[in-house]
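From first to last, the protein sequence lines are chains Y and H. Each residue of the first sequence is one higher than the one before, starting from 1 at the first, in the working numbering. Each residue of the second sequence is one higher than the one before, starting from 1 at the first, in the working numbering. Contents: one structure, followed by commentary.
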Amino acid sequence: MEQYLPVLTLGVLGVLFVLLSIVASRLLAPERATVAKRSAYECGVTEQVAIPERFPVKFYLVAMLFIMFDIEIVFLYPWAVANDELGLFGLVAMTIFAGIFFLSFVYELAKGGLNWGPGRQLITPATSPERTTTSTIRKVGLEGRIEIETAADDSEAA
Amino acid sequence: MEALLAFSRPALDWHALAPELTLLAFGTLITVVDIIWDDRSKQAMPTLAGIGLLATLLPVITLALDGTDRTMFGGAYVIDDFSLVLKALFLISGYVVILMSVDYIRDGDYYENEYYTLMLTSLLGMVMMSSSRDLISVFVALELLSIPAYMLAAWRKGGARSNEAGLKYYLMGVFASAVMLYGMSLVYGLAGSTAFGAIAEELGSLDSSPVAILGILFILIGFAFKVSAVPFHTWAPDTYEGAPTPVTAFLAVASKTAGMVALIQLVFVAFAGRDDVVQPFFWLIAALTMTIGNLIALRQTNIVRLLAYSGVAQGGFMLVPFAVAADAPARAVEAVVIYMAIYAFMNLGAFTVVLAVARKTRSGEIDSYGGLFQYAPGLAVAMTIFLAALAGIPPAGGWFAKFGLFRALLDAGGGWAAGLGVVVAVNTVIAFAYYARILGQMWFQPAPDGDERPVVMTGSLKAALAMTIIATMAFGILPGLVGHFGEVSVLSALGG
Numbered sequence: 001m002e003q004y005l006p007v008l009t010l011g012v013l014g015v016l017f018v019l020l021s022i023v024a025s026r027l028l029a030p031e032r033a034t035v036a037k038r039s040a041y042e043c044g045v046t047e048q049v050a051i052p053e054r055f056p057v058k059f060y061l062v063a064m065l066f067i068m069f070d071i072e073i074v075f076l077y078p079w080a081v082a083n084d085e086l087g088l089f090g091l092v093a094m095t096i097f098a099g100i101f102f103l104s105f106v107y108e109l110a111k112g113g114l115n116w117g118p119g120r121q122l123i124t125p126a127t128s129p130e131r132t133t134t135s136t137i138r139k140v141g142l143e144g145r146i147e148i149e150t151a152a153d154d155s156e157a158a
Numbered sequence: 001m002e003a004l005l006a007f008s009r010p011a012l013d014w015h016a017l018a019p020e021l022t023l024l025a026f027g028t029l030i031t032v033v034d035i036i037w038d039d040r041s042k043q044a045m046p047t048l049a050g051i052g053l054l055a056t057l058l059p060v061i062t063l064a065l066d067g068t069d070r071t072m073f074g075g076a077y078v079i080d081d082f083s084l085v086l087k088a089l090f091l092i093s094g095y096v097v098i099l100m101s102v103d104y105i106r107d108g109d110y111y112e113n114e115y116y117t118l119m120l121t122s123l124l125g126m127v128m129m130s131s132s133r134d135l136i137s138v139f140v141a142l143e144l145l146s147i148p149a150y151m152l153a154a155w156r157k158g159g160a161r162s163n164e165a166g167l168k169y170y171l172m173g174v175f176a177s178a179v180m181l182y183g184m185s186l187v188y189g190l191a192g193s194t195a196f197g198a199i200a201e202e203l204g205s206l207d208s209s210p211v212a213i214l215g216i217l218f219i220l221i222g223f224a225f226k227v228s229a230v231p232f233h234t235w236a237p238d239t240y241e242g243a244p245t246p247v248t249a250f251l252a253v254a255s256k257t258a259g260m261v262a263l264i265q266l267v268f269v270a271f272a273g274r275d276d277v278v279q280p281f282f283w284l285i286a287a288l289t290m291t292i293g294n295l296i297a298l299r300q301t302n303i304v305r306l307l308a309y310s311g312v313a314q315g316g317f318m319l320v321p322f323a324v325a326a327d328a329p330a331r332a333v334e335a336v337v338i339y340m341a342i343y344a345f346m347n348l349g350a351f352t353v354v355l356a357v358a359r360k361t362r363s364g365e366i367d368s369y370g371g372l373f374q375y376a377p378g379l380a381v382a383m384t385i386f387l388a389a390l391a392g393i394p395p396a397g398g399w400f401a402k403f404g405l406f407r408a409l410l411d412a413g414g415g416w417a418a419g420l421g422v423v424v425a426v427n428t429v430i431a432f433a434y435y436a437r438i439l440g441q442m443w444f445q446p447a448p449d450g451d452e453r454p455v456v457m458t459g460s461l462k463a464a465l466a467m468t469i470i471a472t473m474a475f476g477i478l479p480g481l482v483g484h485f486g487e488v489s490v491l492s493a494l495g496g
């Protein structure tokens, strides 16, 4: 089992490092707390009201867009540098790559990733189009009505 | 600098790349159809994904008929019998998973088009994995198969458990990748090359280098996370229970198989000369995984969780041949490949039954399986076949897989191999205890609340069930059939 000795040594060193760091910071760091030190660091204005529990985070889609094109640039840059060497082969390969990549952008657009402004109002008619005066005058109950609850569920899921 | 810049166009063998390109094309096609027709195309998506997988099988078959080993990108990408058998296994398991998904995803009102795109992407990673013979291509394939799987595990967006499943799987997966990358960087630093053949030569000549041992162990530990080997299994039960059931089946079968494939290539090709490090590691991991997986499975009351722990234990059985990797390499590769093929079908089958029963009972508790034989005799018989196969009782397929393990151990010989054989035997008995508990519940207990309405089976579930039953029984009755597929050598890559 002596072949595993280096692994054991590394494990012991790892544990020692963590323990030493904790102990050292306890012993060495001075604890003089002030109001400025305890406040949230550089996080804008101190909040005045409690934030609502859930709020829309639509902006993450824009961040995703940024990451997507970031990745594309990571691959485009070396190609641009080595373009003379790679020649036509590189151009064709990068065109295919960019084409597939562009699809993800189109996908995000198609799914409404960049639709800002007020949320789309889902106007659900309260009654079915088959409903006429002849069919409603006698029927006062729920017949003929679209089940609004299920319709709302569908729109939420889609 | 001049040498670095010198570029020669790599020779692309389009026939060899055809399976990957077909999968990619269908994944892209699904996205395009989704963009153009949006919700109107939902109905067609499972069909399109299924056709994509079957179309991908065609070039795999023509490559197998052609029979020549093809090597590309300086030996980084190899098409040989080993990779073709596994590609076919991944594609067929993927097809069964899609059959299982159709109604689950549609009825649950989840995102559909994205589900199938991600499934195909993950399968693309697996198909690539079986051909990769280079640290970089192994890593790219691993991430390509893992990242869609993280998202699929969290597909029940509204459910807290599914979110937990996705997050746990993601964090543990990323951690494992980091450990693995550290190992890869050490190995690359020593060998000066990412190709498995070159690594084998370099590592074999560095007998007492501690860095080599660290590098090898870190890479193996990274993949041990992927195949949920004890003590790196902690994410598996929570992820399996929380994820949508078809995705659980996908993770338990396809994802685990992909990890095993990577381990085969690493252990038998890249680390071939370092059995002093590899063999004791796998001896310990395999024994721990089998024993602990089985012991915890004994205590489970939820069937998905039970199958998760049983999957951990089955993974332990698959790791057994690695412990004799150098003593009996040919037999060991054969044993793992056969075990993976049989395990895929019997486990997918068990999950299909769980899915079908849950459509009626809306429950995953073992208690809810009472009276299954009365109101759904067909499902009860099918489940019996799959559980018998998992337990290793002939004539269902599993016995041949276990037989392969013992054959590899006996070929290797010696005290350590015999000791591991005893552990395997003891664990087979323990496993039988909890499989028998489900059987007893199905056959002898009354239905809970006297609810004996029949289970509504859909066409796709029936097809999935038929495929898995036929495969499981065929492997049990005609073991020569699968034995032939197992006779593949991963070593041909060394020459390429």
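Cβ coordinates follow ideal geometry from the N, Cα and C atoms, glycine included. On a predicted model such as this, the values are computed, not experimentally measured, just so you know.
- Our two residues, residue 344/H and residue 136/H, have alpha carbons roughly 27 Å apart in a direct line.
- The beta carbon of residue 102/Y does not come within 8 Å of any beta carbon belonging to chain H, so the residue lies off that interface.
- When DSSP states are grouped into helix, strand and coil, residue 71/H belongs to the strand group.
- Residues of the region 86-101 of chain Y with a C-beta less than 7 Å from any C-beta of chain H: 86, 89, 100, listed in chain order.
- From the beta-carbon of residue 9/H, the residues of chain Y found nearer than 8 Å are 89.
- The C-beta of residue 277/H comes closer than 8 Å to at least one C-beta of chain Y.
- Annotated three-state conformation of residue 452/H is coil, per DSSP.
- In this structure, 179/H is the residue among 227/H, 452/H, 376/H, 179/H with its C-alpha nearest to the C-alpha of residue 216/H.
- Distances from the CA of residue 374/H to each of 278/H, 419/H, 447/H, 263/H were compared; the closest alpha carbon is that of 447/H.
- For the 8 Å CB-CB criterion, residue 390/H and residue 346/H form a contact.
- Distance from the CA of residue 92/H to the CA of residue 53/H, rounded to the nearest whole angstrom, comes to 8 Å.
- In the displayed model, residue 78/H falls within a strand according to three-state DSSP.
- Close CB contacts of residue 55/H within its chain, under the 8 Å cut and outside five residues either way in sequence, are with 22, 26 (chain order).
- Three or more beta-carbon pairs separated by less than 8 Å link the region 138-146 of chain H to the region 116-128 of chain H, which places the two stretches in contact.
- Burial is judged here by how many other beta carbons sit within 10 angstroms of a residue's own beta carbon; residue 116/Y has fewer than 16 and is exposed.
- Residues of chain Y whose Cβ lies closer than 7 Å to the Cβ of residue 35/H are, in chain order, 106, 107, 110.
- Per the C-alpha coordinates, the member of 113/Y, 9/Y, 103/Y, 96/Y positioned closest to residue 62/Y is 113/Y.
- Residue contact with chain Y for residue 23/H: absent (no Cβ-Cβ distance below 8 Å to any residue of chain Y).
- For chain Y, the residues of the region 195-220 of chain H that bring a beta carbon within less than 7 Å of one of its beta carbons are 210, 213, 214, 217, in chain order.
- Taking 8 Å as the cut-off, the Cβ atoms of residue 469/H and residue 385/H count as close.
- For residue 28/H, the residues of chain Y that pass the 9 Å Cβ criterion are 100, 103, in the order they occur in the chain.
- Put simply, the CB of residue 31/H is near chain Y, with a gap under 8 Å to one of its CB atoms.
- In the displayed model, residue 195/H falls within a strand according to three-state DSSP.
- Nearest C-alpha to residue 49/H among 289/H, 24/H, 35/H, 70/H: 24/H.
- Taking all protein chains shown into account, residue 123/H has 16 or more neighbouring C-beta atoms within 10 Å of its C-beta and is therefore buried.
- Looking at the DSSP output, residue 365/H bridges to 302/H.
- When rounded, the separation of the alpha-carbon atoms in residue 415/H and residue 288/H is 18 Å.
- Rounded to whole angstroms, the Cβ separation of residue 441/H and residue 370/H is 6 Å, and the two are in contact under 8 Å.
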